[in-house]
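In what follows, a single structure is set out as structure tokens and then discussed.
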Amino acid sequence: GAADDALRALGSCLKAQPDQGRKEGFGLVALGCICVRRAMARGCPESHRPTVLGEAATHVLRALRHDQESGWAANAAAVLAVLQGGADREREAEDALLTIRDVTSDSDPLSLVVSINLGVVFLLGGKWSAAAKVFRTCLRRPGLPPVTTLQLTLQLAAAQFADGAVELALDSLAGVQQLAD
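Below, the structure is given as structure tokens:
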């Protein structure tokens with residue numbers, strides 16, 4: 001289905017940029033997010049969900065190992081906490097990310113990462129429209145690298161699907177395919 005196509009597109013993008021360092025680590029967080037979306041999709045058998053959530057947590061752990069000393073890792077840790085801890089950890093991660101965002105200037109590269117991961121936490125917590133709004137705002141930033149645009153577009157599509165905006169999500173996925181090509 002569309003989620004598998006999105007996974008393949010992101011996977012091929014990551015393979016094409018093996019030396020991207022932090023960007024690759026962030027890509028793994030995005031991939032974890034898509035895995036979680038698959039787990040939450042209607043029709044995913046209950047028995048499969050722990051496997052898919054485990055897969056997502058594995059991707060996020062790989063991202064953490066990839067880049068331990070920066071804000072990227074801190075944000076990956078927030079996402080991992082949500083994957084493993086349920087609603088209480090979601091609120092905790094959301095508060096932490098909002099606090100970081102409030103004290104980070106827009107010109108700081110970390111500002112974008114914090115915003116993106118806030119969107120991821122909204123997505124994982126079922127706040128679909130809030131997630132879509134964050135991702136759309138991030139996509140309006142000038143000078144985004146292609147790999148970041150691809151990941152943001154995938155995450156926007158996931159939020160749109162979850163929110164029931166299927167036509168918008170399909171449009172976003174069409175954009176993903178163009179970016180991946």
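Residue 39 in full-length UniProt numbering sits at position 39 of the sequence shown, with consecutive numbering throughout. In this text, a Cβ means the ideal position worked out from N, Cα and C, and glycines have one as well.
Handout entry: residue 137 - containing alpha helix (DSSP H), residue span
Key = 128–139
Exercise for the section: Could you check the C-alpha separation between residue 105 and residue 174 for me, to the nearest Å? Expected result: 33 Å
Handout entry: the segment 114–130 / the segment 151–162 touching (three or more Cβ pairs under 8 Å)
Key = yes
Problem - Buried/exposed call for residue 148, threshold 16 Cβ in 10 Å - result: buried
Exercise for the section: Pick out whichever of 152, 130, 98 has its Cα sitting closest to the Cα of residue 140. Expected result: 152
Problem - Test item: CB-CB of residue 128 and residue 163 under 9 Å - result: yes
Handout entry: Contacting residues, own chain, Cβ-Cβ under 6 Å from residue 168 (five flanking each side not counted)
Key = 160
Handout entry: Residue of 107, 108, 101, 145 minimising C-alpha distance to residue 134
Key = 101
Exercise for the section: Give me the Cα-Cα distance between residue 118 and residue 142, rounded to the nearest whole angstrom. Expected result: 19 Å
Handout entry: Contacts around residue 136, its chain only, beta-carbon distance under 7 Å, and the 5 residues preceding and following it disregarded
Key = 156
Exercise for the section: Take residue 115 and list the residues in its own chain whose beta-carbon comes closer than 8 Å to its own, dropping the five residues that flank it on each side. Expected result: 101, 134, 137, 138
Problem - Whole-angstrom distance between residue 170 and residue 108, CA atom to CA atom - result: 32 Å
Problem - Rounded separation between residue 145 and residue 111 - CA only - result: 15 Å
Practice task
Leaving aside the five residues before and after residue 166 along the sequence, list all residues of the same chain whose C-beta is less than 8 Å from its C-beta, in chain order.
Solution key: 160
Practice task
Determine the burial state of residue 154: buried for a count of at least 16 other Cβ atoms within 10 Å of its Cβ, exposed for fewer.
Solution key: buried
Problem - Which of helix, strand or coil DSSP assigns to residue 174 - result: helix
Handout entry: Element boundaries [alpha helix (DSSP H), containing residue 150]
Key = 146–162
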